[in-house]
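Here's the structure, in structure tokens; my notes come after.
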Amino acid sequence: MTGDDYVPPDETVHVRTTEQLRAVSNLVRHRVLAVLRDGPATITQIAARLELAKGSSSYHVRVLERAGLIRVVRTNKVRGVVERYYGMAAKVVSLPDPAPGQRDVLMQHAIDDLATAPEDSPRVVRMSHLRLSEARFAEFEQRLNELVDEMHAAREPGEAAATVAVAFFRPGEGAAR
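As numbered in the numbering used here, residues 224 to 400 make up the sequence shown, in order.
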């Protein structure tokens with residue numbers, strides 16, 4: 224694989240193994256995946272985007288590659304050195320539901336990303352406690368999924384990044400109502 228040989232991503236990778244779960248549970252690796260969702264990048268480019276040391280970037284890329292979440296999608300020879308471009312192994316990374324009593328990895332990453340976002344960045348954060356029939360719940364669930372899908376389809380390469388994190392659920396029996 225050299226030059227313009229490009230390996231397109233699979234449709235979906237299902238996270239099933241302990242190695243894969245460890246790989247996606249780390250916040251730095253979550254951010255590496257976010258960089259690669261915008262397109263292939265070298266370890267040096269990833270390090271620069273995330274303001275990481277190149278060695279740290281290399282370590283996290285290796286963990287993600289071993290877990291099958293990213294892969295080399297093309298190479299380029301520069302002054303006798305082979306430059307590897309990494310990309311997502313799949314368009315969608317499907318995570319299992321968290322085990323009882325465990326935190327949801329995606330929501331935890333969203334909270335961490337929100338906490339470290341610049342103070343002056345635009346944001347919408349809301350929380351509402353509702354009482355809904357099964358039918359209304361299903362209707363809102365469908366509408367939320369459609370809205371998130373619409374936003375994803377409206378991606379504009381080169382524009383500022385934005386994150387959407389949605390949690391719509393029925394609290395457990397022990398939760399305050």
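By construction, the Cβ of each residue, glycine as well, lies at the ideal position given by its N, Cα and C atoms.
Does the separation of the CB atoms of residue 284 and residue 309 fall below 9 angstroms? Reading the sequence shown from its first residue, position 61 is the one you call residue 284. Reading the sequence shown from its first residue, position 86 is the one you call residue 309. Yes, they are a contact pair.
Please classify residue 299: does DSSP put it in a helix, a strand, or coil? Counting from 1 along the sequence shown, the entry for residue 299 is found at position 76. Residue state, collapsed to three classes: strand.
The alpha helix (DSSP H) with residue 338 in it runs from where to where? Within the sequence shown, numbered from 1, the residue matching residue 338 stands at position 115. Where residue 338 is concerned, the enclosing alpha helix (DSSP H) stretches over 328-339.
Taking the C-alpha atoms as reference points, what is the distance between residue 312 and residue 393? Here residue 312 corresponds to residue number 89 of the sequence shown, with the count starting at 1. Here residue 393 corresponds to residue number 170 of the sequence shown, with the count starting at 1. Cα-Cα distance, rounded: 33 angstroms.
Hey, could you find the ends of the beta strand (DSSP E) residue 237 is sitting in? Looking up residue 237 in the sequence shown gives position 14. Looking at the DSSP string, the run of the beta strand (DSSP E) that includes residue 237 is 233-237.
Would residue 315 and residue 235 be called neighbours here (beta carbons separated by less than 9 angstroms)? Counting from 1 along the sequence shown, the entry for residue 315 is found at position 92. Counting from 1 along the sequence shown, the entry for residue 235 is found at position 12. Yes, they are a contact pair.
If I measure Cβ to Cβ from residue 320 and keep anything under 6 angstroms in the same chain, skipping five residues before and after, which residues do I get? Position 97 of the sequence shown, counted from the start, is the residue given in the question as residue 320. Within the same chain, and ignoring the five residues on either side of residue 320 in sequence, no residue has its Cβ closer than 6 angstroms to its Cβ.
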